[in-house]
Amino acid sequence: MNSFDAKHYLLSAVLKEQMIESYSIYPFCLPAVKGLSTRLEFHEAVTFIVGENGCGKSTLLEALAVSQGFNPEGGTKNFNFSTRSSHSSLSDYIRIAKSIKRPKTGYFLRAESFYNVATEIENLDNEPSFGPPIIDSYGGISLHEQSHGESFFALMKNRFGREGLYILDEPEAALSPGRQMAMISLLHQLIGQGCQFIIATHSPILLSYPNAAIYEIGERGLEKTQYEDTDTYAITKHFLNNYENMLEILLEG
Ligand SMILES: Nc1ncnc2c1ncn2[C@@H]1O[C@H](COP(=O)(O)OP(=O)(O)OP(=O)(O)O)[C@@H](O)[C@H]1O
Ligand SMILES: [Mg+2]
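Each number in the working numbering comes from the position in the sequence shown (counting from 1) with 226 added on.
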């Protein structure tokens, strides 16, 4: 048996309901957070979180990341810079069950703060240090000198390692449809190396990865669903198959 055989790191998350005074205040009013009153069981490979804009996916992912010691602004556990202090303390209200196995590495990707991570790498590399430059483990080229998609892909290829825990918020934001497909292959390789992923996404391409559980956030909270039953899949498919009719409706008047 492999040392990482079917052992994932995060098993489940549930709200500490007894601590919550009101579900009408932020962040407990968000469907993604309210939904955690029912235990969320993580898949050993990939857990996808999908749902409408504003339902609380990023809020939830940040809380999960913070609970695991990641910087709320993104990056590895070694990054502790801060450009803002507005992250919610939701992580204090979530009970996470973990397996006895600890991840060896990990990364929290926030689409909107990847730029800050790139800057932090440059800053750290400009300081005197005995170790190799940090940028070497990201492929050697400053992330500011690559396109958004190129730098994200460089990050995944060079910096994501075996037996890691990866929490990714809309990783597709940077990627062309072709690169999103390439990301599925990369994801699959990393899963073969004992990695676990938690991914919030709007991408009907990424979401197709089969070794995964999909939770869709709606008014009824977090519901486990199948790929073809998600809005992401159904709406995209309907649009692409009927885009001329859809445009007529959308542009009416
Ligand atoms: N500090 C705050 N106080 C009150 N509401 C907030 C605060 N920060 C965020 N919100 C609200 O919480 C909601 C959830 O935001 P979040 O970013 O988690 O959504 P999301 O599901 O990730 O959406 P998207 O798909 O657009 O990325 C939003 O409506 C946002 O306006
Ligand atoms: Mg978001």
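Glycine is no exception: its CB is placed at the ideal position from the N, C-alpha and C atoms.
Because the structure is a prediction, the values reported are computed rather than measured.
So which of Arg265, Ser411, Arg446 has the shortest CA-CA distance to Leu256? Shortest Cα-Cα distance from Leu256 to any of Arg265, Ser411, Arg446 involves Arg446.
Environment of Thr264 [buried if 16+ CB atoms lie within 10 Å]: That one is exposed.
Assumed close pair Ala258, Thr285 - CB separation to whole angstroms, cut-off 8 Å: Separation of the CB atoms of Ala258 and Thr285 is rounded to 6 Å, and the pair is thereby assigned contact status at 8 Å.
Please classify His464 as buried or exposed, where buried requires at least 16 neighbouring CB atoms within 10 angstroms. Result: exposed.
Spatial neighbours of Glu243 within its chain, please: CB distance less than 7 Å, with the 5 preceding and 5 following residues excluded, ordered by chain position. Taken in chain order, the residues that qualify are Ser263.
Which class does Glu278 belong to by DSSP, given the choice of helix, strand or coil? Coil, per DSSP.
Let me check understanding here. Comparing Cα to Cα, which of Leu236, Tyr249, Ala289, Gly280 lies closest to Glu270? Glu270 has its Cα closest to that of Leu236, out of Leu236, Tyr249, Ala289, Gly280.
Proximity to Ala289 [Cα-Cα], best of Glu470, Leu241, Lys327: Closest option to Ala289, Cα to Cα, is Leu241.
Which residues in the same chain as Phe268 place their Cβ atom closer than 8 Å to its Cβ, once the five residues preceding and following it in sequence are excluded? For Phe268, where only same-chain residues beyond five positions count, the Cβ hits under 8 Å are His234, Leu236, Leu237, Ser238, Ala239, Gln422, Ile424, Ala439.
The region 400-416 in contact with the region 443-463 per 3-pair CB rule at 8 Å: No, the region 400-416 is not in contact with the region 443-463.
Return the residue from the list Gln372, Met409, Thr331, Gly357 that minimises the CA-CA distance to Leu391. Relative to Leu391, the option among Gln372, Met409, Thr331, Gly357 whose CA is nearest is Thr331.
Where the beta strand (DSSP E) containing Lys324 begins and where it ends: In the DSSP annotation of this structure, the continuous segment of the beta strand (DSSP E) that includes Lys324 starts and ends at 320-324.
For the alpha helix (DSSP H) that Lys463 lies in, which residues bound it at each end? For Lys463, the enclosing alpha helix (DSSP H) has its first and last residue at 457-467.
Does the distance from the CB of Glu442 to the CB of Val276 come in under 9 Å? Taking 9 Å as the cut-off, the Cβ atoms of Glu442 and Val276 count as close.
For Ile417, collect the residues of the same chain with a Cβ closer than 8 Å to its Cβ; drop the 5 residues on either side in sequence, then sort them by chain order. Within the same chain, Ile417 has close Cβ partners Ala271, Val272, Phe423, Asn437.
Report back the beta-carbon spacing between Leu401 and Phe274 to the nearest angstrom; my notes put them in contact at under 8 Å. That pair is no contact at about 16 Å.
CA-to-CA distance, Gly261 to Tyr249, given in whole angstroms: Their Cα atoms are separated by approximately 11 Å.
Does the Cβ of Thr190 lie closer than 8 Å to at least one heavy atom of ligand 1? Outside the displayed span of the chain (227 to 479) sits residue 190, for which this structure offers no information.
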